[in-house]
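Enquirer:
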Amino acid sequence: MRVCVLGAGVVGLTTAWSLVRDGHDVTIVEARGGAALEASFANGGQLSYSYVAPLADPAVLPKLPAWLLQRDSALRFIPRFDLHQWRWCIAFLLACRGPRARQTALELLGLGALSKAALHEIVERESIAFDHVRNGKLVVYRDRHDFDRAQRKMDVLVAAGSEQRALDASECAVLEPALTHAQPLLAGGIHTPSEEAGDCQRFCVALADALQRRHGVTIRYGTPVQSLVSEGARVVAARCASGDIEADAFVVALGLGSVPLLGALGVHLPIYPLTGYSLTIHAAQRRHTPRVSVTDLHRKIVYAPLGKRLRIAGMVEIAGLGDAQQAGRVALLKRQAQEIFPAAGDYACAETWCGHRPATPDSKPLVGATPYGNLWLNTGHGALGFTLACGSARLIADVIAGRPPSVDIAAYRYNR
Ligand SMILES: Cc1cc2nc3c(=O)[nH]c(=O)nc-3n(C[C@H](O)[C@H](O)[C@H](O)COP(=O)(O)OP(=O)(O)OC[C@H]3O[C@@H](n4cnc5c(N)ncnc54)[C@H](O)[C@@H]3O)c2cc1C
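The sequence shown begins at 1030 in our numbering and counts up by one.
(1) Measure the CB-CB distance between residue 1073 and residue 1223 and report whether it falls below 8 Å.
(2) Take every Cβ of the stretch 1232-1247, pair it with every Cβ of the stretch 1041-1049, and state whether three or more of those distances are shorter than 8 Å.
(3) What does the alpha-carbon distance come out to for the pair residue 1041 and residue 1361?
(4) Taking C-beta to C-beta, are residue 1185 and residue 1141 nearer than 8 Å?
(5) Rank 1056, 1406 and 1309 by C-alpha distance to the C-alpha of residue 1380 and give the top, closest one.
(6) Here's a check: name, in chain order, each residue in its chain whose Cβ is nearer than 8 Å to the Cβ of residue 1111, leaving out the five neighbours to either side.
(7) Which of the three DSSP states, helix, strand or coil, is assigned to residue 1330?
(8) Taking the beta carbon of residue 1403 as the centre, do at least 16 other beta carbons fall within 10 Å, making it buried, or is it exposed?
(9) State the CB to CB distance for the pair residue 1207 and residue 1370, rounded to an integer number of angstroms; the pair is presumed to be in contact (CB under 8 Å).
(10) Residue 1395 and residue 1441: beta carbons closer than 8 Å?
(11) Please report the residue range of the beta strand (DSSP E) in which residue 1380 lies.
(12) Comparing alpha-carbon positions, which option in 1260, 1090, 1153 and 1100 lies nearest residue 1123?
(13) So what's residue 1428 in DSSP terms, helix, strand or just coil?
(14) Buried or exposed for residue 1086, going by 16 or more other Cβ atoms inside 10 Å?
(15) Mind checking which residues open and close the alpha helix (DSSP H) that includes residue 1120?
(16) For residue 1408, write down the residues that DSSP places opposite it in a beta bridge.
(17) Rounding to the nearest angstrom, what Cα-Cα distance links residue 1252 and residue 1145 in this structure?
(18) With which residues is residue 1166 paired in a DSSP beta bridge?
(19) With a threshold of 8 Å between beta carbons, is residue 1317 in contact with chain C?
(20) So, with DSSP's three-state summary, where would you put residue 1344?
(21) Check the DSSP bridge columns for residue 1306 and list the partner residues they point to.
(22) Could you check if residue 1075 belongs to the surroundings of ligand 1, using beta carbon to heavy atom distance under 7 Å?
(23) Would you say residue 1308 touches ligand 1, meaning its beta carbon is less than 7 Å from a heavy atom?
(24) Consider the C-beta atom of residue 1041 and the heavy atoms of ligand 1; say whether any pair is separated by less than 7 Å.
(25) What is the rounded straight-line gap between the Cα of residue 1287 and the Cα of residue 1175?
(26) Sort out for me which residues DSSP pairs residue 1056 with in a bridge.
(27) To the nearest angstrom, how far is the alpha carbon of residue 1315 from that of residue 1221?
(28) For ligand 1, I want to know if residue 1420 counts as a neighbour, meaning its beta carbon is within less than 7 Å of at least one of the ligand's heavy atoms.
(29) Would you give the residue range spanned by the beta strand (DSSP E) that residue 1275 belongs to?
(30) Can you tell me whether residue 1119 is buried or exposed? The criterion is at least 16 other CB atoms within 10 Å of its CB, across all chains shown.
(31) List the whole-angstrom C-beta distance separating residue 1294 from residue 1236, where the pair is believed to meet the contact cut-off of C-beta under 8 Å.
(32) Does any heavy atom of ligand 1 sit closer than 7 Å to the C-beta of residue 1271?
(33) Using CA coordinates, which residue listed in 1035, 1069 and 1064 is at the minimum distance from residue 1417?
(34) Got a sec? Which residues, its chain only, sit under 6 Å from residue 1391 by beta carbon, not counting five neighbours each side?
(35) Confirm, please, whether the CB-CB distance from residue 1407 to residue 1264 is below 8 Å.
(36) Would the beta-carbon of residue 1246 be found less than 7 Å away from any heavy atom of ligand 1?
In structure tokens, the structure reads:
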């Protein structure tokens, strides 16, 4: 079957790989001049298969007033005259309810496990080098109450098969000596030894290359899709300035770009941009730079060792697509990173980046069918797109092939 995949971020490229594996004839259409130039460009690099903490969580609710008032808080809400923003926020608050958040975490754990196996298969078969490390992850807590709550959540995930253990502050510093300086700030940490990290953009560029050279996939870069042309309940073509691209099936993996394109067909997707920032620094001596991935939960900052570099990413802004805050927020991220890893590397020469997570209110991606019989969704991966991409790619390939998927796809319906 001829399948047209829209988008060459990590989700579109992994989708294309899963479809090629099933013998489909795949074309990818991408607006930008290369692979992974939007949300997949310089993300946090963490592959958090077992520590799948949705942003929508009951712990968020009591912190909201402080987040709204403090200028240097990790999460910021900048109200806009935009109905979509307010609808998204209300749905987010509803998704923070305890039972729903627990159910989401368990569902994401299943998709994470599928994704891990799928990523390993791609990496092995295509010999992809992307500064992949399997050093585990340590989530550190500064607040005793947050740490106690995290341990209770950990018990649920451990019962569901996740390998995790709680460490006190001194054990955190033993596991990760670069945290020695920050030890007095810490209440404790949760260690997940099976977690991984890597450079998402390097992964994507190498995968795009393999798809083109080894699997005969055509990638049409520099080709924005203007609309989808439908006839009855089927899509017949993706309309671009250079002409229509016809196919038997279409998979939308456009991240934020999915919203206007599908909206024009009457399919309204609950995806909103959550802005974040990253720094990439050349790492200093080993004892000052983390070897395991670290998440500072209080600041919502993640640290991932990528070869000789350290990727630092964080901040969540619910503010739409304007990036007027950029310089101030990057400076804040630098200051906050130096507070915990002061000698990790050359902060003055950091490469900086601002990106937008294509987020759903409940942190689950939108994977599966649309009202159009041959139009499929694989989008809305929010803060976990690198982690979940290979698994959701496999899911959508299963559904297109008519195979029963290995996790319950109903959990990822766009209109759940
Ligand atoms: C600061 C930050 C840190 C993050 N850290 C992590 C992390 O540590 N771990 C993790 O798992 N995830 C992380 N993420 C999330 C992850 O980066 C995203 O979920 C993921 O990259 C989304 O991939 P995507 O392919 O859906 O979207 P994108 O990478 O945005 O790809 C969509 C593609 O569609 C193209 N496009 C859009 N509209 C059109 C159109 N009309 N026509 C043609 N092409 C179009 C775009 O150009 C783009 O290339 C982070 C994100 C941010 C912003």
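Heads up, the beta-carbon is just placed ideally off N, CA and C, and yes, glycines get one too.
Expert: Reading off the structure:
(1) Along the sequence shown, one-based indexing puts residue 1073 at 44. Along the sequence shown, one-based indexing puts residue 1223 at 194. No, the pair does not count as a contact, with Cβ atoms beyond the cut-off.
(2) yes
(3) Locating residue 1041 in the sequence shown gives position 12, where the first residue counts as 1. Locating residue 1361 in the sequence shown gives position 332, where the first residue counts as 1. Roughly 32 Å between the two C-alpha positions.
(4) To locate residue 1185, count along the sequence shown from 1; it is residue 156. To locate residue 1141, count along the sequence shown from 1; it is residue 112. Cβ atoms of residue 1185 and residue 1141: not closer than 8 Å.
(5) Position 351 of the sequence shown, counting from 1, holds the residue named residue 1380. Taking only the C-alpha atoms, the option nearest residue 1380 is 1309.
(6) For the purposes of this step, residue 1111 is taken as the residue at position 82 of the sequence shown. Here the set comprises 1349.
(7) In the sequence shown, residue 1330 corresponds to position 301, counting from 1. Note: residue 1330 maps to strand in three-state DSSP.
(8) Here residue 1403 refers to the residue found at position 374 of the sequence shown. The residue is buried, with at least 16 neighbouring Cβ atoms inside 10 Å.
(9) The residue given as residue 1207 occupies position 178 in the sequence shown. The residue given as residue 1370 occupies position 341 in the sequence shown. That pair is a contact at about 6 Å.
(10) Indexing the sequence shown from 1 puts residue 1395 at position 366. Indexing the sequence shown from 1 puts residue 1441 at position 412. A contact, by the Cβ cut-off of 8 Å.
(11) If you number the sequence shown from 1, residue 1380 lands on position 351. From DSSP, the beta strand (DSSP E) with residue 1380 extends over 1380-1388.
(12) Along the sequence shown, read from residue 1 onward, the residue named residue 1123 stands at position 94. Here the closest residue by C-alpha is 1090.
(13) Counted from its first residue, the sequence shown places residue 1428 at position 399. Residue 1428: helix per DSSP, three-state reduction.
(14) Counted from its first residue, the sequence shown places residue 1086 at position 57. Label assigned to residue 1086: buried.
(15) Counting from one through the sequence shown, the residue named residue 1120 turns up at place 91. Note, residue 1120: alpha helix (DSSP H), 1112-1124.
(16) If you number the sequence shown from 1, residue 1408 lands on position 379. According to DSSP, which records beta bridges pairwise, residue 1408 is partnered with 1395.
(17) Start at 1 with the first residue of the sequence shown, and residue 1252 comes out as number 223. Start at 1 with the first residue of the sequence shown, and residue 1145 comes out as number 116. The alpha-carbon atoms of residue 1252 and residue 1145 are separated by roughly 31 Å.
(18) Here residue 1166 is taken as the residue at index 137 of the sequence shown, counted from 1. Answer is 1221 and 1322, bridged to residue 1166.
(19) Annotation note: the requested chain C is absent from the structure, which comprises a single protein chain.
(20) Here residue 1344 refers to the residue found at position 315 when the sequence shown is read from its first residue. DSSP places residue 1344 in strand when its eight states are reduced to three.
(21) Counting from 1 along the sequence shown, the entry for residue 1306 is found at position 277. Paired residue(s): 1343 and 1383.
(22) For the purposes of this step, residue 1075 is identified with residue 46 of the sequence shown, where counting begins at 1. Residue 1075 Cβ: within cutoff of ligand 1.
(23) Your numbering for residue 1308 matches position 279 in the sequence shown. Residue 1308: no, Cβ never under 7 Å from ligand 1.
(24) Indexing the sequence shown from 1 puts residue 1041 at position 12. Yes, ligand 1 has a heavy atom inside 7 Å of this Cβ.
(25) Residue 1287 sits at position 258 when you count from the first residue of the sequence shown. Residue 1175 sits at position 146 when you count from the first residue of the sequence shown. Those two C-alpha atoms are separated by around 35 Å.
(26) As a working mapping, residue 1056 is identified with position 27 in the sequence shown. Residue 1056 is bridged to 1033 and 1247.
(27) Taking the first residue of the sequence shown as 1, we reach residue 1315 at position 286. Taking the first residue of the sequence shown as 1, we reach residue 1221 at position 192. Approximately 21 Å, taken between the alpha carbons.
(28) If you number the sequence shown from 1, residue 1420 lands on position 391. Every heavy atom of ligand 1 is 7 Å or more from the Cβ of residue 1420, so no.
(29) Position 246 of the sequence shown holds residue 1275. Unbroken beta strand (DSSP E) run through residue 1275: 1272-1275.
(30) On the sequence shown, position 90 is the one that residue 1119 refers to. It is exposed - the Cβ of residue 1119 has fewer than 16 other Cβ atoms within 10 Å.
(31) The residue you call residue 1294 lines up with position 265 of the sequence shown. The residue you call residue 1236 lines up with position 207 of the sequence shown. Going by Cβ atoms, the distance from residue 1294 to residue 1236 rounds to 29 Å, so no, they are not a contact pair.
(32) Counting from 1 along the sequence shown, the entry for residue 1271 is found at position 242. Flag unset: Cβ of residue 1271 not near ligand 1.
(33) Walking along the sequence shown from the start, residue 1417 turns up at place 388. Comparing Cα positions, the closest option is 1069.
(34) For the purposes of this step, residue 1391 is taken as residue 362 along the sequence shown, with counting starting at 1. The residues are 1085, 1124 and 1133.
(35) In the sequence shown, residue 1264 corresponds to position 235, counting from 1. In the sequence shown, residue 1407 corresponds to position 378, counting from 1. Taking 8 Å as the Cβ cut-off, residue 1264 and residue 1407 do not qualify as a contacting pair.
(36) The residue labelled residue 1246 in the question sits at position 217 within the sequence shown. Not so, every heavy atom of ligand 1 lies at least 7 Å from the Cβ.
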